Amino acid sequence: MRPFTFLVGIWVLSCNGSPGNNLPRQDSTQPAITDTPAAQAPGPEKDTTKLGGQWFLQPVLASDTATGKIPRLVFDLSTKKFTGNTGCNNMSGQFDFTDSTLQFNQRIITTKMACVGYNEKAFLETLLRTNSYKLQSGTLILLFDQTELSRWTRKVTPKPVVNKT
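Heads up: the sequence shown is residues 0 to 164, going by numbering that gives the first Met the number 0.
Right, here's the structure in full:
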């Protein structure tokens, strides 16, 4: 019986890489989203004068990208829902906004991966402190009253360089 099981196992494994296997390797109904795209394809510039759409955190400290991922926010203005990545876990939730105010709903849903060396709690608390925003030269600036909390751009910004001298 063992040789038969072994042969069936080999046959199953060999089918996975065969040219006749045209099954998709991911859910084709959803567009693939990468957490840290290497470069964006050239094309029309995205609107930087409106809150809606995808934004990437401009890292300030090395800890902002400790996991190797750049935090991302995607605002859907019509449903008042957002999705994104904390730099560790995927997240989603709801928000309210006007032309200058922005508030995230307290019930942010996140996945539960552990990311050593990254303070996700502080990141989420900063989002929840946000009560206004401004768009300035293509940059989304999240604010608490007049205090700047974070800056976001439409394109991925390189990680900060840490001086080790």
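All C-beta atoms in this analysis are idealised placements derived from N, C-alpha and C, irrespective of residue type, glycine included. Because the structure is a prediction, the values reported are computed rather than measured.
| query | result |
| --- | --- |
| Euclidean distance between Cα positions of residue 173 and residue 98 | As shown, the chain starts at 0 and ends at 164. That puts residue 173 outside it, with no answer to give. |
| Same chain, Cβ closer than 8 Å to residue 228, five either side skipped, listed in chain order | Outside the shown range of the chain, which is 0 to 164, sits residue 228, and nothing can be said about it. |
| N- and C-terminal bounds of the beta strand (DSSP E) containing residue 146 | 146–152 |
| Nearest neighbour of residue 77, chosen from 85, 93 and 64 [CA to CA] | 93 |
| Meets three-Cβ-pair contact criterion under 8 Å: the region 102–109 and the region 61–71 | no |
| Inter-residue spacing [alpha-carbon to alpha-carbon] between residue 62 and residue 143 | 21 Å |
| Through-space distance from residue 132 to residue 147, alpha-carbon basis | 9 Å |
| Residues of its chain near residue 100, where Cβ-Cβ distance is below 6 Å and the 5 sequence neighbours each way are ignored | 131 |
| Unbroken beta strand (DSSP E) run spanning residue 71, endpoints | 71–75 |
| Contacting residues, own chain, Cβ-Cβ under 8 Å from residue 50 (five flanking each side not counted) | 74, 76, 96, 101, 132, 134 and 139 |
| CB-CB length for residue 86 against residue 122, believed under 8 Å | 6 Å |
| Opposing strand residues paired with residue 101 [DSSP bridges] | 96 |
| Alpha-carbon spacing of residue 153 relative to residue 112, whole angstroms | 26 Å |
| Cβ distance (whole Å) where residue 65 is taken to contact residue 137 below 8 Å | The pair is not a contact, with the Cβ atoms about 26 Å apart (cut-off 8 Å). |
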